[in-house]
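Working notes, beginning with the structure itself.
Residue numbers (the working numbering): 1 to 201.
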(Lines of atoms letter the chains of each structure in order from A and count residues from 1; the text may use other names and numbers.)
(Lines give C-alpha, C1' and ligand atoms only; values in the text may rest on other atoms or scores of the structure.)
Protein backbone atom coordinates (compact mmCIF):
# COMPACT_ATOMS: atom_id res chain seq x y z
CA UNK A 1 0.00 0.00 0.00
CA UNK A 2 1.36 3.41 -1.02
CA UNK A 3 2.25 5.81 1.77
CA UNK A 4 -0.01 8.86 1.89
CA UNK A 5 1.70 12.02 0.67
CA UNK A 6 2.28 15.01 2.95
CA UNK A 7 1.88 18.65 1.96
CA UNK A 8 3.24 21.48 4.12
CA UNK A 9 1.49 24.82 3.58
CA UNK A 10 3.21 28.04 4.66
CA UNK A 11 0.86 31.01 4.96
CA UNK A 12 1.42 34.71 4.32
CA UNK A 13 2.51 37.28 6.89
CA UNK A 14 -0.94 38.49 7.99
CA UNK A 15 -2.49 35.02 7.77
CA UNK A 16 -2.48 31.81 9.82
CA UNK A 17 -2.77 28.07 9.35
CA UNK A 18 -6.54 28.50 9.13
CA UNK A 19 -6.56 31.05 6.29
CA UNK A 20 -8.68 30.53 3.17
CA UNK A 21 -5.92 28.90 1.02
CA UNK A 22 -5.01 26.52 3.87
CA UNK A 23 -8.62 25.41 4.32
CA UNK A 24 -9.08 25.03 0.55
CA UNK A 25 -5.92 22.90 0.39
CA UNK A 26 -7.14 20.64 3.20
CA UNK A 27 -10.50 20.22 1.52
CA UNK A 28 -9.01 19.52 -1.92
CA UNK A 29 -6.70 16.78 -0.63
CA UNK A 30 -9.03 15.31 2.00
CA UNK A 31 -8.52 11.55 2.02
CA UNK A 32 -5.67 11.80 -0.52
CA UNK A 33 -2.86 13.51 1.39
CA UNK A 34 -1.94 14.75 4.85
CA UNK A 35 -2.01 18.55 4.81
CA UNK A 36 -0.01 20.40 7.48
CA UNK A 37 -0.93 24.07 8.01
CA UNK A 38 0.99 25.40 11.03
CA UNK A 39 0.77 28.95 12.38
CA UNK A 40 4.14 30.56 11.66
CA UNK A 41 5.90 32.83 14.18
CA UNK A 42 6.18 36.51 13.29
CA UNK A 43 9.99 36.59 13.48
CA UNK A 44 11.68 35.09 10.39
CA UNK A 45 14.38 33.10 12.22
CA UNK A 46 11.72 31.54 14.47
CA UNK A 47 9.56 30.74 11.44
CA UNK A 48 12.45 29.06 9.60
CA UNK A 49 13.34 27.08 12.75
CA UNK A 50 9.76 25.81 13.11
CA UNK A 51 9.52 24.89 9.42
CA UNK A 52 12.78 22.95 9.60
CA UNK A 53 11.59 21.09 12.69
CA UNK A 54 8.31 20.15 10.97
CA UNK A 55 10.22 19.01 7.88
CA UNK A 56 12.57 16.88 10.00
CA UNK A 57 9.69 15.27 11.88
CA UNK A 58 6.94 15.00 9.27
CA UNK A 59 9.02 14.76 6.07
CA UNK A 60 6.63 16.52 3.65
CA UNK A 61 6.63 15.60 -0.04
CA UNK A 62 5.97 19.14 -1.22
CA UNK A 63 6.00 22.67 0.19
CA UNK A 64 3.30 25.16 -0.78
CA UNK A 65 3.80 28.80 0.15
CA UNK A 66 1.86 32.01 -0.24
CA UNK A 67 3.56 35.43 -0.14
CA UNK A 68 5.86 35.45 2.92
CA UNK A 69 5.33 31.69 3.17
CA UNK A 70 6.81 31.40 -0.34
CA UNK A 71 9.81 33.45 0.82
CA UNK A 72 10.41 30.76 3.45
CA UNK A 73 9.61 27.81 1.17
CA UNK A 74 12.16 29.00 -1.39
CA UNK A 75 14.92 28.95 1.23
CA UNK A 76 13.94 25.60 2.76
CA UNK A 77 13.18 23.62 -0.40
CA UNK A 78 16.75 23.25 -1.75
CA UNK A 79 18.15 22.36 1.66
CA UNK A 80 15.80 19.38 2.11
CA UNK A 81 15.42 18.37 -1.55
CA UNK A 82 11.64 18.75 -1.56
CA UNK A 83 9.79 20.47 -4.43
CA UNK A 84 7.87 23.67 -3.78
CA UNK A 85 5.10 25.77 -5.24
CA UNK A 86 5.66 29.47 -4.53
CA UNK A 87 2.49 31.49 -4.86
CA UNK A 88 2.99 35.24 -5.26
CA UNK A 89 6.35 35.05 -3.46
CA UNK A 90 7.35 38.22 -1.63
CA UNK A 91 11.15 38.34 -1.74
CA UNK A 92 11.40 41.83 -0.20
CA UNK A 93 9.40 41.50 3.00
CA UNK A 94 11.45 44.23 4.70
CA UNK A 95 10.12 46.85 2.27
CA UNK A 96 6.57 45.59 2.70
CA UNK A 97 6.82 45.76 6.49
CA UNK A 98 8.60 49.11 6.69
CA UNK A 99 5.52 50.76 5.19
CA UNK A 100 3.32 49.13 7.85
CA UNK A 101 5.14 49.80 11.14
CA UNK A 102 2.67 49.76 14.01
CA UNK A 103 0.06 47.49 15.59
CA UNK A 104 -1.92 45.02 13.50
CA UNK A 105 -4.23 42.00 13.67
CA UNK A 106 -3.98 38.68 11.87
CA UNK A 107 -6.66 38.22 9.21
CA UNK A 108 -7.50 34.65 10.24
CA UNK A 109 -7.66 32.93 13.67
CA UNK A 110 -4.50 31.49 15.18
CA UNK A 111 -4.37 28.39 17.35
CA UNK A 112 -2.95 30.25 20.35
CA UNK A 113 -5.78 32.82 20.24
CA UNK A 114 -3.39 35.75 19.86
CA UNK A 115 -4.62 38.00 17.06
CA UNK A 116 -2.57 41.16 17.72
CA UNK A 117 1.01 41.75 16.65
CA UNK A 118 3.40 44.66 16.15
CA UNK A 119 5.66 45.52 13.23
CA UNK A 120 8.74 47.47 14.36
CA UNK A 121 12.17 48.40 13.01
CA UNK A 122 13.73 45.36 14.69
CA UNK A 123 11.44 43.03 12.75
CA UNK A 124 12.18 44.89 9.51
CA UNK A 125 15.93 44.47 10.18
CA UNK A 126 15.52 40.73 10.78
CA UNK A 127 13.88 40.30 7.40
CA UNK A 128 16.49 42.52 5.73
CA UNK A 129 19.27 40.31 7.04
CA UNK A 130 17.55 37.12 5.84
CA UNK A 131 16.86 38.60 2.40
CA UNK A 132 20.60 39.05 1.81
CA UNK A 133 21.05 35.27 1.86
CA UNK A 134 17.71 34.02 0.55
CA UNK A 135 18.96 32.58 -2.75
CA UNK A 136 22.24 31.11 -1.50
CA UNK A 137 20.98 27.52 -1.53
CA UNK A 138 19.66 27.61 -5.11
CA UNK A 139 21.21 24.90 -7.24
CA UNK A 140 20.87 23.30 -10.69
CA UNK A 141 19.08 20.28 -9.20
CA UNK A 142 16.42 22.49 -7.67
CA UNK A 143 15.99 24.89 -10.61
CA UNK A 144 13.14 22.81 -12.06
CA UNK A 145 11.66 21.67 -8.75
CA UNK A 146 10.59 25.07 -7.43
CA UNK A 147 7.61 26.45 -9.37
CA UNK A 148 6.16 29.93 -9.22
CA UNK A 149 2.48 30.85 -9.49
CA UNK A 150 1.68 34.52 -10.01
CA UNK A 151 -1.65 36.30 -9.74
CA UNK A 152 -2.30 38.56 -12.69
CA UNK A 153 -4.14 40.99 -10.40
CA UNK A 154 -1.58 40.93 -7.57
CA UNK A 155 -0.95 44.48 -6.35
CA UNK A 156 1.50 43.62 -3.54
CA UNK A 157 4.26 41.38 -4.90
CA UNK A 158 5.90 41.72 -8.32
CA UNK A 159 8.78 39.31 -8.18
CA UNK A 160 8.35 37.05 -11.20
CA UNK A 161 11.47 38.50 -12.94
CA UNK A 162 13.58 37.81 -9.82
CA UNK A 163 12.04 34.35 -9.51
CA UNK A 164 12.98 33.56 -13.13
CA UNK A 165 16.61 34.50 -12.46
CA UNK A 166 16.77 31.37 -10.30
CA UNK A 167 14.00 29.00 -11.48
CA UNK A 168 12.45 27.93 -14.77
CA UNK A 169 8.77 27.07 -14.18
CA UNK A 170 6.45 30.06 -13.95
CA UNK A 171 2.64 29.99 -14.14
CA UNK A 172 -0.15 32.58 -13.91
CA UNK A 173 -3.69 32.63 -12.59
CA UNK A 174 -6.40 35.31 -12.91
CA UNK A 175 -6.42 36.42 -9.29
CA UNK A 176 -4.90 38.70 -6.68
CA UNK A 177 -2.25 38.33 -3.98
CA UNK A 178 -4.35 35.96 -1.86
CA UNK A 179 -6.39 33.46 -3.87
CA UNK A 180 -10.03 32.67 -3.19
CA UNK A 181 -10.90 29.09 -2.26
CA UNK A 182 -12.22 28.51 -5.79
CA UNK A 183 -9.09 29.93 -7.42
CA UNK A 184 -6.96 27.76 -5.16
CA UNK A 185 -8.78 24.60 -6.19
CA UNK A 186 -8.76 25.54 -9.87
CA UNK A 187 -5.19 26.76 -10.31
CA UNK A 188 -3.08 25.63 -7.36
CA UNK A 189 -4.28 22.08 -6.79
CA UNK A 190 -3.40 20.76 -10.31
CA UNK A 191 0.14 22.15 -9.99
CA UNK A 192 0.55 20.61 -6.53
CA UNK A 193 -0.67 17.27 -7.91
CA UNK A 194 1.82 17.54 -10.77
CA UNK A 195 4.70 18.33 -8.42
CA UNK A 196 3.78 15.32 -6.26
CA UNK A 197 3.67 13.10 -9.35
CA UNK A 198 6.83 14.34 -11.09
CA UNK A 199 9.10 14.63 -8.05
CA UNK A 200 7.88 11.83 -5.83
CA UNK A 201 10.56 11.03 -3.26
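Note that beta-carbon positions come from the ideal geometry of N, C-alpha and C, so glycine has one too. Because the structure is a prediction, the values reported are computed rather than measured.
Residue 57 sits exposed, since fewer than 16 C-beta atoms from the chains shown fall within 10 Å of its C-beta. In the three-state scheme derived from DSSP, where H, G and I count as helix and E and B as strand, residue 40 is classed as coil.
Distances from the CA of residue 21 to each of 46, 86 and 61 were compared; the closest alpha carbon is that of 86.
Cβ-Cβ distances below 7 Å link residue 98 to 124 in the same chain, with the five nearest sequence neighbours on each side left out; the list follows chain order.
The C-alpha of residue 3 is placed about 30 Å away from the C-alpha of residue 15. Excluding sequence positions up to five before and after residue 159, its CB lies within less than 6 Å of the CB of 89 and 91, all in the same chain and listed in chain order.
For residue 140, the closest C-alpha among the options 165, 118, 51 and 151 is that of 165. For residue 122, there is no enclosing beta strand (DSSP E); the residue is found in the alpha helix (DSSP H) stretching over 121–131. Nearest to residue 191 by C-alpha distance, out of 150, 177 and 155, is 150. Under DSSP, residue 116 forms a beta bridge with 105. Distance from the CA atom of residue 128 to the CA atom of residue 96, rounded to whole angstroms, is 11 Å.
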